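Enquirer: Per mature numbering (1 follows the signal peptide of the UniProt record, and there is no 0): the sequence shown = residues -16 to -1, 1 to 363. Don't be surprised by glycine CBs; every beta carbon is placed ideally from N, CA and C. These numbers were taken from a predicted model, which means no experiment stands behind them.
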Amino acid sequence: MKTSIILAALAATALSAPAPAPRPQDVDFSSLEFSSDDLSTGPEFGATKESIPVTKPATSDIIEDIKEDPATPIKKLRRDIKAILKRVPGDCAPQPINNGPQFINLEPTPWQEAVEAAYPPTNPSTLGPYKKVFDGLRGSVNQIGYRGLTTIHAYDINACKTLCDKKAQCLGFNFYVERDPSLDPGDLCPNPSIITNYKCTLWSFPFLAGAADNIGQTRRQFKVVIAASVGYVKPYDASNLANFTSYGQNLYGSINAPLLDGENSYLGVKSYPNADVNVDYFEPAVCAAACDAQTAYNSRHHASTPCQYKACNFFDAYVVLKDGKAQGLTCTLYTWTWDDSYAVNGGQTRSDGVFKVANSYTYTNSRLPAPPYINTCPV
Ligand SMILES: *[C@@H]1O[C@H](CO)[C@@H](O)[C@H](O)[C@H]1NC(C)=O
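(1) With a CB to CB cut of under 6 Å and the five nearest residues on each side skipped, what residues in its chain are close to L69?
(2) If you draw a straight line from the alpha carbon of V161 to that of V99, how long is it in whole angstroms?
(3) What residues come near ligand 1, if near means a beta carbon less than 5 Å from any of its heavy atoms?
(4) Quick check on Y347: buried or exposed, where buried means 16 or more other Cβ atoms within 10 Å of its Cβ?
(5) What three-state label does DSSP hand Q332 in the structure shown?
(6) Taking all protein chains shown into account, do 16 or more other C-beta atoms lie within 10 angstroms of the C-beta of N343, making it buried, or fewer, making it exposed?
(7) Using CA atoms only, rank isn't needed, just tell me which of C144, N175, N89 is closest to D75.
(8) If you scan the segment 271 to 305 from start to end, which runs of the beta strand (DSSP E) of 3 or more residues do you find wholly inside it?
(9) Taking G237 as the reference, give the member of G123, V117, A301 with the closest Cα.
(10) Would N258 be called buried (16 or more neighbouring beta carbons within 10 Å of its own) or exposed?
(11) Is the CB-CB distance between I199 and G120 below 8 Å?
(12) Use the C-beta contact count for R351: other C-beta atoms within 10 angstroms, 16 or more gives buried, fewer gives exposed.
(13) Residue range of the beta strand (DSSP E) that W187 falls in?
(14) Have a look at N329 and S14 and give me their C-alpha separation to the nearest angstrom.
(15) For G26, which residues from the same chain have a beta carbon less than 8 Å from its beta carbon, with the 5 sequence-adjacent residues on both sides left out?
(16) By how many angstroms is the C-alpha of L235 removed from the C-alpha of A212?
(17) Going by Cα to Cα distance, which pick from L167, T93, H137, D168 is closest to F159?
(18) Which whole-angstrom value describes the C-beta separation of A310 and Q9, a residue pair presumed to lie in contact below a C-beta threshold of 8 Å?
(19) Do D164 and I141 have their CB atoms nearer than 8 Å?
(20) So is R334 buried or exposed if we call it buried at 16+ other beta carbons inside 10 Å?
(21) Once the 5 residues before and after F118 are set aside, which same chain residues still bring their CB inside 8 Å of it?
(22) Taking the straight line between their C-alpha atoms, what separation do you get for N349 and S35?
(23) Thinking C-alpha only, which one of P219, W95, I239 is nearest residue 368?
(24) So, are the CB atoms of F228 and A272 less than 8 Å apart?
(25) Determine the DSSP secondary structure at F266, reduced to helix, strand or coil.
(26) If you draw a straight line from the C-alpha of Y345 to the C-alpha of Y231, how long is it?
(27) Is the distance from the Cβ of F299 to the Cβ of S188 below 8 Å?
(28) Here's a check: name, in chain order, each residue in its chain whose Cβ is nearer than 7 Å to the Cβ of V263, leaving out the five neighbours to either side.
(29) So within the segment 65 to 131, which uninterrupted beta strand (DSSP E) runs reach at least 3 residues, ignoring any that extend past its ends?
(30) From what residue to what residue does the alpha helix (DSSP H) around S35 run?
(31) Tell me the rounded alpha-carbon separation between N261 and A277.
(32) Who are A211's beta bridge partners in DSSP?
(33) Once the 5 residues before and after V11 are set aside, which same chain residues still bring their CB inside 6 Å of it?
(34) What do you reckon, are the CB atoms on Y182 and N82 nearer than 8 Å?
(35) Taking the alpha-carbon positions, what's the L111 to D45 distance?
(36) What separation, rounded to the nearest whole angstrom, lies between the Cα atoms of L305 and S283?
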């Protein structure tokens, strides 16, 4: 279905487009500054159940963060890598028993082979609105947007899907089998016997196979390993926002706008989480707040064109994935509404990674009049 929409869009462009217009907008995905110091990227080994609330940003922080015209070179922000939480040294406490199928007394590789023989990578390619993005991997998802973990008592991807269905902001789930210790490994029990756990993690950003790179950990002498890991993502359910109308569709890529009568309609890009605003779920309303804040900023800083400033009337909210991992929420802001045929930027290959665009949704200012330029001089 998606292909036919794209083809239709391409055909429409081919018929109506004049000579290719220059595309002055060049969002270099590798230069987007994301920083997620305070945000969790996945479960700790040993976790058997947890639920992580979303980090809802304050509108005042989004407004405060519009400190400059983002079309100017993006300033370098502080970027600290979040230290991976280390568990306290083990005390040999018994770990919760999982009464699902067990694969006991197996060393890591034979354990993985036995699990893979029992649960081959033949999970369905779709589950309702969810699309399978990987199967049969030996790693679990590790990226921002972690929404919690539930231990299930069987290899049951539908149980995991149901948890995502019920969880607000859930856009994907990862179900996997983990070789865990029966006791918290410590001085007196450096290599306990095995529990096989069936784990379901929920995510509020989409991912691809590259995100499943958490391949285990050695705790004392016990090797935690993973097998039969499968990932599914579903589209965002877009609806209208206050003052912005949604176009609804998950577009092929992000918008790449040409000049409009020689003027640049592109107002710049904002990425979240950043040093000032924490956002760890896909929330186009954040882009709407940024769009309005950009208009307000421009109205206060229009000295070079005293009677005109550019208003934000349209935005594209999307996710940039780097090597399969969501980097966060990206918003590109425009003075002018562009239709789906301009959603052509599906990704980029840069020296530091392969960047892909997912969940691209556009919104237009529904307040009228919403001209691309607003005259601020008294008549
Ligand atoms: C919608 O626009 C009106 C008029 O500009 C404004 O007063 C109101 O705060 C806006 N609503 C939101 C949620 O931003």
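Expert: Taking the geometry as given:
(1) Its pLDDT being 41, under 50, L69 is placed unreliably by the model, and the measurement read from it follows with that caveat. Counting only Cβ-Cβ distances below 6 Å, and skipping sequence neighbours, we find E28.
(2) C-alpha separation (whole angstroms): 8 Å.
(3) Having a Cβ closer than 5 Å to some heavy atom of ligand 1 are A226, N227.
(4) Buried, because 16 or more other Cβ atoms sit within 10 Å of the Cβ of Y347.
(5) Reduced to three states, the DSSP call for Q332 is strand.
(6) Looking at its Cβ environment, which holds 16 or more other Cβ atoms inside 10 Å, N343 is buried.
(7) Just measuring C-alpha positions, the residue of C144, N175, N89 sitting nearest D75 is N175.
(8) Those beta strand (DSSP E) runs which fall completely within the segment 271 to 305 and span 3+ residues are 292 to 294.
(9) From the listed residues G123, V117, A301, the smallest Cα separation to G237 is found for A301.
(10) So N258 ends up on the buried side.
(11) 8 Å or more divides the Cβ of I199 from the Cβ of G120.
(12) That one is exposed.
(13) Segment 178 to 187, the beta strand (DSSP E) holding W187.
(14) For N329 and S14, the distance between alpha carbons rounds to 14 Å.
(15) Contacts found: S124, V125, N126, Q127, Y130, T185, N198.
(16) Roughly 31 Å separates the two Cα atoms.
(17) Considering only alpha carbons, the answer is H137.
(18) Their Cβ separation, rounded to whole angstroms, is 22 Å, which puts A310 and Q9 out of contact at 8 Å.
(19) No, the pair does not count as a contact, with Cβ atoms beyond the cut-off.
(20) R334 comes out exposed.
(21) Answer for F118: L192, A193, A196, S213, V214, G215, listed in chain order.
(22) So the two alpha carbons sit approximately 35 Å from each other.
(23) Outside the shown range of the chain (-16 to 363) lies residue 368, about which nothing can therefore be said.
(24) Yes, these two residues count as a Cβ contact at 8 Å.
(25) F266 falls in the coil class under three-state DSSP.
(26) So the two alpha carbons sit approximately 7 Å from each other.
(27) Their beta carbons are not under 8 Å apart, which means F299 does not touch S188 by this criterion.
(28) So the list reads T39, P41, Y256, P257, V270, G312, L313, once near-sequence residues are dropped.
(29) Taking only runs of at least 3 residues, the beta strand (DSSP E) segments lying wholly in the segment 65 to 131 are 114 to 121.
(30) Careful: S35 lies outside any alpha helix (DSSP H), inside the beta strand (DSSP E) at 33 to 35.
(31) Note that residue 261 corresponds to Val in the displayed sequence, not to Asn. Here the alpha carbon of V261 sits roughly 14 Å from the alpha carbon of A277.
(32) Partner(s): V161.
(33) Result list for V11: V253, in chain order.
(34) In this structure, Y182 sits near N82, with a CB-CB distance shorter than 8 Å.
(35) When rounded, the distance between both Cα atoms is 38 Å.
(36) Going by the C-alpha atoms only, they are around 33 Å apart.
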